[in-house]
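So the sequences go chain by chain: Z and X. Take the first sequence: its letters are residues 6 to 456, numbered as in my numbering. Take the second sequence: its letters are residues 1104 to 1215, numbered as in my numbering. Working notes for the structure below.
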Amino acid sequence: MKKLFALLGLVCVLLLPRLVLAEDAASAPGIAAPAAVVSAAAAPRLDSGATAWMMTSTALVLLMTIPGLALFYGGMVRKKNVLGTLMQSFAITAMITVLWMVAGYSIAFDTTGMEKGVINVHSFFGGLSKAFLYGMGKDSLTGSIPESVFMTFQMTFAIITPALITGAFADRMKFSAMMAFTALWSLLIYAPIAHMVWSGDGGFMWDMGVLDFAGGTVVHINAGVAGLVAALVLGPRLGYGREPMAPHNLTLTVIGAAMLWVGWFGFNAGSAAAADGRAGMAMAVTQIATGAAALGWMFAEWIGKGKPSVLGIASGAVAGLVAITPASGFVGPTGGLVIGLVAGVVCFWSATSLKRMLKYDDSLDAFGVHGIGGIVGALLTGIFAVESIGGTQGSLLQFMIQLKGTAITIVYTAIGTYLILKALDWAMGLRVTEEQEREGLDIALHGERIE
Amino acid sequence: MKLVTAIIKPFKLDEVREALSAIGVTGLTVTEVKGFGRQKGHTELYRGAEYVVDFLPKVKIEVAIKAEWLERVIETIETSANTGKIGDGKIFVASLEQVVRIRTGESGPEAL
């Protein structure tokens, strides 16, 4: 632990001069940051409608993590771990906010040295020239919105992605190890993947033509696969499969799922970075796919297991939101309907049967819902994309490109996550002791409990 | 003196209490408990994970009474807690050696 703090301190000292410079640059009039989308032809102008929508979207996406995801997960764990679970989402929100400001944003969106069709180190990692938000002033624009809004909007994505992973290792990871893992994972896995997919010309997967409107690969496959690796490295919870581990309060889970649903309009429609027809279409297909997926899961469970459960329909809705994420902004209503239905049924299968078949303890189904749902969405985007909506028509070729993007993301995040976890296991240990796990994370790690 | 302990269905509590008050019982103690008898439990299913819940919620009432009241009290509980369906519960009777009213120090049947 001490080693980690020392390292963190060193990084801060090295980057401090930049911080000072950043403030200077921001206060100097007329110096605008070279934003990715700036073209030489027409000077970009601020669009107040788009800006208003993006500020709203940013707040909506933050609401997805706290309290949405925190409640969704918090209701599913046992009573002795509910505060520990809420704490993970809340602490991640705070920590990623700082890390994104320090370096994450720069690694993801600094376009220095990038050139269309040229693969170099900057196709994978952005530089550090935007560290401490260097150059981001009042007048800097990204497209037609202030860069400050774009940066904060993207920050909320960087926050929710590692928070999703916590569902896989719920009930058993040390808080200190969770914090260290999240910090490293965000900078070494999330930011590079976001860079490869979203940073524009010269980005590795961007140049390949991978379609990912709001984060099917960057957010959901990424988090889902990382969750699966974490569940495998940490091993199952004590008593998994023998002792009852029923959710302690599904009311919280339903409230959380409903907040995710509402917040997701910011996530998907906000990813248009504009308040236009494409954003409107993204909103419509998000709603359609989510309804279809909720029904898909509910009916699959009703037919297969005899009863339509509340946890089932809520999980189905989330699966639909996940699957439509990469597709929104590219597909039409029919595509959204099909993607939703398929995601609902497939994720029902992965969370109930696949997990039992392969015997890993992905406690709250981070992989079963986000990993599998993300893959379903990413692949089907290649089939259902409509040219008049997002500029690309679905085809076998596009499907293959999507498949490649999915595979690259899975390989990168699986290997990277494994290495980070193994290193941390060696340095500080990942799991709480057996006594702590029995007692519950609330008392053992935080010294509090709900009753 | 006798101590009557009855395990009943939770929703029957008010009826039993009213019936006991009507025959002159002036006090009883209630505890929420869990247990199983012939009724057995039920299964719950969460994302495919099936849990058999053996212990069902019940209410335990305890009434301390004079020995001569025993038949009436048993009969009253039996009638008022009855639904005719499995899981209605049981009545246990035990002899009570001593009772003390803490406030006054009275003991024996006067303390009831």
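In this text, a Cβ means the ideal position worked out from N, Cα and C, and glycines have one as well.
Among the options, the one whose alpha carbon lies nearest that of residue i
i: Val351(Z); options: Ile71(Z), Ala322(Z), Ser333(Z) and Tyr365(Z); result: Ala322(Z)
i: His127(Z); options: Leu133(Z), Ser134(Z), Lys135(Z) and Gly118(Z); result: Gly118(Z)
i: Asp366(Z); options: Ala113(Z), Val238(Z) and Met183(Z); result: Val238(Z)
i: Ala196(Z); options: Ala228(Z), Met59(Z) and Gly396(Z); result: Ala228(Z)
i: Ala3(Z); options: Gly221(Z), Gly54(Z), Ser400(Z) and Pro49(Z); result: Residue 3(Z) is absent from the structure shown; chain Z starts at 6 and stops at 456.
i: Ser1199(X); options: Leu1148(X), Ala1214(X) and Val1155(X); result: Looking at the sequence provided, one finds Leu at residue 1199(X) rather than Ser. The shortest Cα separation from Leu1199(X) among Leu1148(X), Ala1214(X) and Val1155(X) belongs to Ala1214(X).
i: Gln1142(X); options: Phe1114(X), Phe1158(X) and Ile1180(X); result: Phe1158(X)
i: Met433(Z); options: Phe180(Z), Thr291(Z), Phe335(Z) and Ala113(Z); result: Phe180(Z)
i: Gln1194(X); options: Glu1178(X), Pro1113(X) and Ala1125(X); result: Looking at the sequence shown, residue 1194(X) is not Gln but Ile. Checked all of Glu1178(X), Pro1113(X) and Ala1125(X); the closest Cα to Ile1194(X) is Glu1178(X).
i: Leu189(Z); options: Asp447(Z), Leu426(Z), Gly244(Z) and Gly445(Z); result: Leu426(Z)
i: Asp144(Z); options: Ser191(Z), Thr56(Z) and Arg177(Z); result: Thr56(Z)
i: Gly142(Z); options: Gly148(Z), Glu152(Z) and Ala136(Z); result: Glu152(Z)
i: Gly340(Z); options: Leu369(Z), Ala298(Z) and Asn86(Z); result: Ala298(Z)
i: Ala113(Z); options: Ala175(Z), Arg177(Z), Ala96(Z) and Leu193(Z); result: Leu193(Z)
i: Ile101(Z); options: Asp206(Z), Thr116(Z) and Ala168(Z); result: Ala168(Z)
i: Ala371(Z); options: Phe129(Z), Phe186(Z) and Thr166(Z); result: Thr166(Z)
i: Val437(Z); options: Val234(Z), Tyr139(Z) and Asp176(Z); result: Asp176(Z)
i: Asn1185(X); options: Thr1146(X), Tyr1154(X) and Lys1115(X); result: Lys1115(X)
i: Asn86(Z); options: Glu456(Z), Gly445(Z) and Thr422(Z); result: Gly445(Z)
i: Ala1125(X); options: Ala1170(X), Ile1180(X), Val1133(X) and Pro1160(X); result: Ile1180(X)
i: Ala185(Z); options: Arg361(Z), Val343(Z) and Thr422(Z); result: Thr422(Z)
i: Val343(Z); options: Ile415(Z), Thr291(Z), Met362(Z) and Trp307(Z); result: Thr291(Z)
i: Gly376(Z); options: Leu408(Z), Leu233(Z), Arg454(Z) and Gly240(Z); result: Leu233(Z)
i: Val1128(X); options: His1145(X), Tyr1154(X), Pro1113(X) and Lys1105(X); result: Lys1105(X)
Proximal chain X residues relative to residue i, where beta-carbon distance stays under 8 Å
i: Lys312(Z); result: Leu1148
i: Ser320(Z); result: Arg1150
Closer than 8 Å at the beta carbon, the chain Z residues around residue i
i: Gly1151(X); result: Lys310, Ala356, Thr357, Ser358, Lys360 and Arg361
Distance between beta carbons of residue j and residue i, contact taken as under 8 Å
i: Gln403(Z); j: Gly379(Z); result: Rounded, the Cβ-Cβ distance is 17 Å, inconsistent with contact.
i: Gly275(Z); j: Ala305(Z); result: In fact, because the Cβ distance is near 31 Å, the residues do not count as touching under 8 Å.
i: Ile1221(X); j: Val1119(X); result: This structure leaves residue 1221(X) out entirely; chain X is present only between 1104 and 1215.
i: Gly66(Z); j: Phe272(Z); result: Reading the sequence as shown, one finds Val at residue 66(Z) and not Gly. About 5 Å separates the two Cβ atoms, so the contact holds.
i: Thr98(Z); j: Ile170(Z); result: Not really, about 14 Å apart at Cβ, beyond 8 Å.
i: Gly1211(X); j: Val1202(X); result: 7 Å
i: Gly337(Z); j: Val381(Z); result: With 8 Å as the limit, Gly337(Z) and Val381(Z) do not qualify as a contact, their Cβ atoms being about 18 Å apart.
i: Ala428(Z); j: Thr411(Z); result: Wrong, their Cβ atoms sit about 26 Å apart, outside the cutoff.
i: Thr2(Z); j: Tyr78(Z); result: This structure cannot settle anything about residue 2(Z), because the visible part of chain Z is limited to 6 through 456.
i: Leu326(Z); j: Leu265(Z); result: 6 Å
i: Gly345(Z); j: Ile329(Z); result: 6 Å
i: Leu1131(X); j: Ile1110(X); result: Not confirmed; about 13 Å, so no contact.
i: Trp302(Z); j: Phe353(Z); result: 5 Å
i: Ile5(Z); j: Ala278(Z); result: With chain Z covering 6 to 456 only, the question about residue 5(Z) has no answer from this structure.
i: Leu369(Z); j: Gly244(Z); result: Not confirmed; about 16 Å, so no contact.
i: Thr147(Z); j: Thr63(Z); result: About 13 Å separates the two Cβ atoms, so there is no contact after all.
i: His200(Z); j: Phe137(Z); result: Contact doesn't hold; Cβ gap of about 18 Å is too wide.
Residue-level contact to chain X via CB, residue i, 8 Å cutoff
i: Asp115(Z); result: no
i: Ala251(Z); result: yes
i: Leu193(Z); result: no
i: Leu316(Z); result: yes
Cross-chain neighbours of residue i in chain X, by beta carbon under 7 Å
i: Leu74(Z); result: Per Cβ cutoff of 7 Å: no residues; Leu74(Z) is ~17 Å from chain X at best.
i: Asp370(Z); result: Arg1150
i: Leu300(Z); result: Those within 7 Å of Leu300(Z) in chain X number zero; the least Cβ separation is about 17 Å.
Contact set between residue i and chain X, taken where Cβ atoms lie within less than 9 Å
i: Ala463(Z); result: Examination of residue 463(Z) is not possible in this model, given that chain Z is present from 6 through 456 alone.
I want to know whether the region 281-292 of chain Z touches the region 77-90 of chain Z - three or more CB-CB distances under 8 Å. no
Do the region 152-164 of chain Z and the region 101-116 of chain Z touch if we need at least three Cβ pairs shorter than 8 Å? yes
Evaluate contact between the region 1126-1143 of chain X and the region 427-441 of chain Z, counting only Cβ atoms and requiring at least three cross-stretch pairs below 8 Å. no
Does the region 56-73 of chain Z come into contact with the region 110-124 of chain Z, if we say contact requires no fewer than three beta-carbon pairs (one atom in each stretch) closer than 8 Å? no
Touching by the beta-carbon criterion (3+ pairs, under 8 Å), the region 312-327 of chain Z and the region 244-263 of chain Z: yes
Count the CB pairs spanning the region 1149-1158 of chain X and the region 354-361 of chain Z that are closer than 8 Å, and state whether there are at least three. yes
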